[in-house]
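Residue numbers 412 to 562, in the working numbering, belong to the letters of the sequence shown in order.
Positions of the beta carbon are idealized from the N, C-alpha and C atoms, including for glycine.
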Amino acid sequence: MEYRPVRLSTATEQACCILALIASRNLSPITNGELSARMAVSPSYLAKITRRLVVAELISSEPGAKGGFVLVQPMRLITLLMVVEAIEGDEPFFQPAGVVERVFKNRRRAVEKGMSVVQEKMHEAELAWRRSLSSVTMQEIIDDALKGEML
412 MEYRPVRLST ATEQACCILA LIASRNLSPI TNGELSARMA VSPSYLAKIT RRLVVAELIS
472 SEPGAKGGFV LVQPMRLITL LMVVEAIEGD EPFFQPAGVV ERVFKNRRRA VEKGMSVVQE
532 KMHEAELAWR RSLSSVTMQE IIDDALKGEM L
């Protein structure tokens, strides 16, 4: 079997882009239509992503003719983990489906021991991954990428 890394949806990358576009506006709201045009993504699809960012309180929607999306907090306070969890959720990566238990019904004790090790190692890996994502802010990513350039 070929190794396949944990996969995040393309919506996570798009959410990072949305935040960068909003941040580049210097507190001036950006509309869903503007985001859609810049990103070449349908407005209805973008609305699903922005909704998740609003629910996670990373952005807010300002009503009115001059309204649009703005950051709720500065990019220096928004971690990559916050963005990932806003889009992907915070459910554990590994959730046993009971396959091993069904296949090895007559080896219950061995299955429990083995699955305990698997769950522990998966949990450790997930914690390390989350710790890594929480250690970098969106502002740090932008600063590193731009090195003094404007968006």
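query: In whole angstroms, what separates the C-alpha of V483 from that of A434?
result: Here residue 483 is taken as the residue at index 72 of the sequence shown, counted from 1. Here residue 434 is taken as the residue at index 23 of the sequence shown, counted from 1. Straight-line Cα distance between these residues: approximately 10 Å.
message: Quick check: P507 and E537, are their CB atoms within less than 9 Å of each other?
response: In the sequence shown, the residue the question calls residue 507 occupies position 96. In the sequence shown, the residue the question calls residue 537 occupies position 126. Not in contact: P507 and E537 (Cβ atoms no closer than 9 Å).
message: Just list the residues that DSSP pairs I441 with in beta bridges.
response: Start at 1 with the first residue of the sequence shown, and residue 441 comes out as number 30. In the DSSP assignment, I441 is bridged to F480.
- request: Any chance you could list the alpha helix (DSSP H) runs of at least 4 consecutive residues sitting entirely within the segment 472-520, in chain order?
  value: Listed in chain order, the complete alpha helix (DSSP H) runs (minimum 4 residues) inside the segment 472-520 are 491-499, 510-514.
field: Proximity below 9 Å, CB of I429 to CB of V481
entry: Position 18 of the sequence shown holds residue 429. Position 70 of the sequence shown holds residue 481. Their beta carbons are not under 9 Å apart, which means I429 does not touch V481 by this criterion.
task: Would you kindly work out how many angstroms separate the C-alpha atoms of S546 and W540, rounded to a whole number?
output: As a working mapping, residue 546 is identified with position 135 in the sequence shown. As a working mapping, residue 540 is identified with position 129 in the sequence shown. Put simply, the backbone Cα of S546 is about 10 Å away from that of W540.
task: Would you check if the distance between the CB atom of A467 and the CB atom of A497 is smaller than 9 Å?
output: As a working note, residue 467 is residue 56 in the sequence shown. As a working note, residue 497 is residue 86 in the sequence shown. Yes.
query: What span of residues does the alpha helix (DSSP H) with K459 cover, start to end?
result: In the sequence shown, residue 459 corresponds to position 48, counting from 1. 454-466 is the span of the alpha helix (DSSP H), which, as asked, contains K459.
task: Using a threshold of 9 Å, state whether the C-beta atoms of E499 and L446 are closer than that.
output: Reading the sequence shown from its first residue, position 88 is the one you call residue 499. Reading the sequence shown from its first residue, position 35 is the one you call residue 446. Judged by beta-carbon spacing, L446 lies beyond the 9 Å limit of E499, meaning their Cβ atoms are not closer than that value.
task: Have a look at C427 and A451 and give me their C-alpha separation to the nearest angstrom.
output: Taking the sequence shown and counting its residues from 1, one reaches residue 427 at position 16. Taking the sequence shown and counting its residues from 1, one reaches residue 451 at position 40. The alpha-carbon atoms of C427 and A451 are separated by roughly 15 Å.
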